[in-house]
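There are 2 protein chains.
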Amino acid sequence: MASSHATPVNRQFRLRNRPVGRIKTSDFDLVEAAPPEPGEREALVRTLYLSLDPTNRIWMSDMDQYMPPVEIGAVMRGGGLGLVVQSNSARYKEGDIVSGLTNWQDYSIAGERPDNMMGVIPKGLPVPLTAMMGACGMTGLTAYFGLLEHGRPKEGDTLLVSAAAGAVGSVVGQIGKIKGCRVVGIAGGADKCRFIVEQLGFDAAIDYKRGDWREALAAATPEGIDINFENVGGEIMDAVMARMNLYSRMPLCGMISGYNSGELMRGDFSPILMRRIRISGFIVTDFAAKFAEGSVQLAQWVAGGLIKHHETIVEGLENAPVAVNRLFDGQNIGKLIVKVSEAPVQ
Amino acid sequence: MASSHATPVNRQFRLRNRPVGRIKTSDFDLVEAAPPEPGEREALVRTLYLSLDPTNRIWMSDMDQYMPPVEIGAVMRGGGLGLVVQSNSARYKEGDIVSGLTNWQDYSIAGERPDNMMGVIPKGLPVPLTAMMGACGMTGLTAYFGLLEHGRPKEGDTLLVSAAAGAVGSVVGQIGKIKGCRVVGIAGGADKCRFIVEQLGFDAAIDYKRGDWREALAAATPEGIDINFENVGGEIMDAVMARMNLYSRMPLCGMISGYNSGELMRGDFSPILMRRIRISGFIVTDFAAKFAEGSVQLAQWVAGGLIKHHETIVEGLENAPVAVNRLFDGQNIGKLIVKVSEAPVQ
């Protein structure tokens, strides 16, 4: 399976069928193709890392979604970091590291049209390269714009974050602390709850695997909830919304509890009306025009220790389909990454 | 039951028990009390008209709501118009007509504290008095601020209004036409559908009592829906949300289909996320500071024929509990009013 630099092989995960429930390796065909040939104004990119995200699960399905689903037989869509190994483009130089839709394969093409959104990462950043997928990349930007633009935190607000030990939630909570909020996280298990309080500085953590999580939620939010940064949906969302204050805000980032089931992601609308809640669905790319501003701010916070970047790295492209399930099993803390090939020393 | 001016009696509907399902007259005790005595800085008000609104049903229940529920044994809460018949207040003069919470009774007290929100209606308005409860009163203001502040209509937008022949919906659609929207209304029955198109100028009407209403909804909104002014909830809301466009807006004014059942008012959250919909729950009193501005604009539109004010008047306070069911049975067109006593000639 390993590719050699002499005779490169492009391993690709192609979607065989839409997963039902948990993702299985057999939902994909792992094929070996020749690397693509870059055309004019294009570059060849070798994948270094894949970013595993809940949105991968959405793209595998045919549910109503914000990009077209991955077609059956097509290479699985996914973000990542890659190294430019050959270039016919003035925009990409050999040795550049790019961020974008590498997809689940060893090699991809960076073009000058924005179709796979391959952007060159500036050299000399004060943060580790992998942070450019996490706290300073799409994940961090999701947290940053969702919280600041839609949540509009004010000093003293109570901010509730679900999936709080995950890649997005962990950054949301830390930005909330920077902005002076009381930050309460919901996570599964004692380890995650300790992590967000002791490592990330959350004010309180609620373990939804305990029988008394509803009482713990009430106890941790004595003045109600001003902002609910919603990542999970389901009965946790219902319980959180029941505690939201008048004129509170709810950036709707995801509903991960519903992605495997394929069922409608339903919830109670009555608090929206009675408490005049403002709910805003969003996707990070809504803010593409401001990514540079956001990344600079996030990198400063990470470099200054105000935001801790935590990641889990799984070795080997071949493990991507198994690894992505960690996002839905509650096994993951921080940013989940697959290492595909070795990055050059920066 | 009739009150005479010589020995006035204050008939009051007091809530006996919280209605289950449809409202029954037996859910109330109709008692005859002495009229209240106005204290210092207070005035005695004789009720002229009651405004019947879906919110009456909410106040009767103990569901999560935006004011305290009416207590068992207390006079039923409700808005109306009244005549000042005696005054110890510089703010209210005998002969003034006031608008506010008269409640379901013949006599009430207007105080200088804003506890029952009794405001004097200016004399010489260019619209009929009862319009001050409808298109130029709370009903019209609900439509005006919900649509303009939360819906943010732009010329060419497709505006969808549910309960479109009702008091609020009929004004929403007409304001939408003034703002250059394509306006599509959902209503029950051929009469209401003809009314909103032929009398009010809606571009299209969908009769939800027909088996093909989903197809009709699709046909009437070929470019999707930019604003959904939501009044009903339930399966109609789900079907409408499934057609909402990217970055569309949804002022959530009511969910009348759920008020009688007492069940959670649930809906599908996935379009909010995938289509980045902004949902804003609101209550007209959120905009109390701008009521004067809104009423003046609405009165100009009504006087100028741009907004048609349509009302149904039921005679007699004793009929209020039966009449209010019309709002939930789909029997009502326009503003539903109970005439309690004769207004002076203006």
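Order-wise, the sequence lines are chains A and B.
Sequence positions in the first sequence follow the numbering used here and run 2 to 347.
Sequence positions in the second sequence follow the numbering used here and run 2 to 347.
Beta carbons are placed, not taken as given, at the ideal position from N, Cα and C, and that holds for glycine.
Query raised in the report: According to the Cβ coordinates, are I314/A and K340/A closer than 8 angstroms?
Result: Contact check for I314/A against K340/A passes: the beta carbons are separated by less than 8 angstroms.
**Report entry** chain A within 8 angstroms of D28/B, Cβ atoms only
**Finding:** no
Query raised in the report: Using 8 angstroms as the threshold, is the stretch 102 to 121 of chain B in touch with the stretch 174 to 193 of chain B, meaning 3 or more CB pairs across them?
Result: no
Query - Proximity of S281/B and L253/B at Cβ, strictly below 8 angstroms - result: yes
Requested in this report: Look at the alpha carbon of R267/A and the alpha carbon of I59/A, and state the distance between them as a whole number of angstroms.
Outcome: The straight-line gap separating the alpha-carbon atoms of R267/A and I59/A is approximately 16 angstroms.
Query raised in the report: What residues of chain B sit near L253/A, judged by a beta carbon separation below 8 angstroms?
Result: F270, I273, L274
Query raised in the report: For P9/A, which residues of its own chain have a beta-carbon under 6 angstroms away from its beta-carbon, when the five flanking residues on both sides are left out?
Result: P36
Report task. Pick out whichever of M242/B, M64/B, G96/B, R78/B has its Cα sitting closest to the Cα of V46/B. Result -> G96/B
Requested in this report: Measure how close the beta-carbons of L328/B and A136/B come, nearest whole angstrom, since I'm counting them as under 8 angstroms.
Outcome: Not quite, the Cβ-Cβ distance comes to about 17 angstroms (not below 8 angstroms), so this is no contact.
Query raised in the report: Of all the options T143/A, L160/A, L201/A, which has the alpha carbon lying nearest to the alpha carbon of S171/A?
Result: L201/A
Query - Status (buried if at least 16 other CB within 10 Å, exposed otherwise) for G259/A - result: With 16 or more Cβ atoms within 10 Å of its Cβ, G259/A is classed as buried.
Query raised in the report: Going by Cα to Cα distance, which pick from G40/A, P55/A, M133/A is closest to R23/A?
Result: P55/A
Requested in this report: For chain B, find out if any of its Cβ atoms is closer than 8 angstroms to the Cβ of F283/A; answer yes or no.
Outcome: yes
**Report entry** Positions along the stretch 121 to 155 of chain B whose CB lies within less than 8 angstroms of some CB in chain A
**Finding:** none
Requested in this report: Taking R250/A as the query, report the chain B residues whose CB atoms sit under 7 angstroms from its CB, ordered along the chain.
Outcome: Going along chain B, no residue has its Cβ under 7 angstroms from R250/A, so there is no contact; the nearest lies around 10 angstroms.
Query raised in the report: What residue range is occupied by the uninterrupted alpha helix (DSSP H) comprising R277/B?
Result: It is not in any alpha helix (DSSP H) - R277/B carries neither H nor E in the DSSP assignment.
Query - Inter-residue CB distance, G125/B and V99/B (contact presumed, cutoff 8 angstroms) - result: 16 angstroms between Cβ atoms; not a contact.
Query raised in the report: What does M256/A reach in chain B if we use C-beta pairs closer than 8 angstroms?
Result: F270, S271, L274
Query raised in the report: On the three-state DSSP scale, how would you describe L126/A?
Result: It is coil, neither helix nor strand.
Query raised in the report: If you draw a straight line from the C-alpha of R215/A to the C-alpha of S163/A, how long is it?
Result: 13 angstroms
Query raised in the report: Secondary structure at L215/A, three-state DSSP: helix, strand or coil?
Result: The sequence shown places Arg at residue 215/A, not Leu. Under the three-state reduction of DSSP, R215/A is assigned to helix.
Query raised in the report: Closer than 8 angstroms, CB to CB, is S5/A near chain B or not?
Result: Reliability fails at S5/A, whose pLDDT of 45 lies under 50, so the model's placement of it is uncertain and the value that follows must be treated cautiously. No, S5/A lies away from the interface with chain B (no Cβ there is under 8 angstroms from its Cβ).
Report task. Check whether the Cβ atoms of A44/A and N11/A sit closer than 8 angstroms, and answer yes or no. Result -> no
Query raised in the report: Under the rule that 16 or more other beta-carbon atoms within 10 Å means buried, what is D208/B, buried or exposed?
Result: buried
Query raised in the report: Taking the alpha-carbon positions, what's the A191/B to M238/B distance?
Result: Going from the Cα of A191/B to the Cα of M238/B covers about 20 angstroms.
Query raised in the report: Does any residue of chain A bring its CB to less than 8 angstroms from the CB of G266/B?
Result: Reading off the sequence, residue 266/B comes out as Met, not Gly. It does: the Cβ of M266/B has a partner Cβ on chain A nearer than 8 angstroms.
Report task. Could you have a look at M2/A and say whether DSSP puts it in helix, strand or coil? Result -> With a pLDDT of only 41 at M2/A, under 50, the local geometry of the prediction cannot be trusted, and no value is derived from it.
Query raised in the report: For F14/A, is the classification buried or exposed, using 16 other Cβ atoms within 10 angstroms of its Cβ as the cut-off for buried?
Result: Label assigned to F14/A: buried.
Query raised in the report: Where does A75/B sit, in a helix, a strand or coil, going by DSSP?
Result: coil
Query raised in the report: Shorter than 8 angstroms from the beta carbon of Q66/B to some beta carbon of chain A?
Result: Chain A contact via Cβ: present.
Query raised in the report: For G101/B versus G80/B, is the C-beta distance shorter than 8 angstroms?
Result: yes
Requested in this report: Assuming G112/A contacts R42/A (C-beta within less than 8 angstroms), just tell me the rounded distance between them.
Outcome: 7 angstroms
Query - First through last residue of the alpha helix (DSSP H) which encompasses M251/B - result: That residue, M251/B, is in no alpha helix (DSSP H); its beta strand (DSSP E) goes 245 to 253.
Query raised in the report: From N18/B, I338/B, R276/B, pick the residue whose C-alpha is nearest to that of I226/B; which is it?
Result: R276/B
Requested in this report: Scan the stretch 231 to 245 of chain B for residues whose Cβ lies nearer than 9 angstroms to a Cβ of chain A and list them as they occur along the chain.
Outcome: E231, G234, M238, D239, A243
Query raised in the report: Considering only C-alpha positions, which residue in the set N229/B, E343/B, P39/B, K336/B is nearest to G152/B?
Result: N229/B
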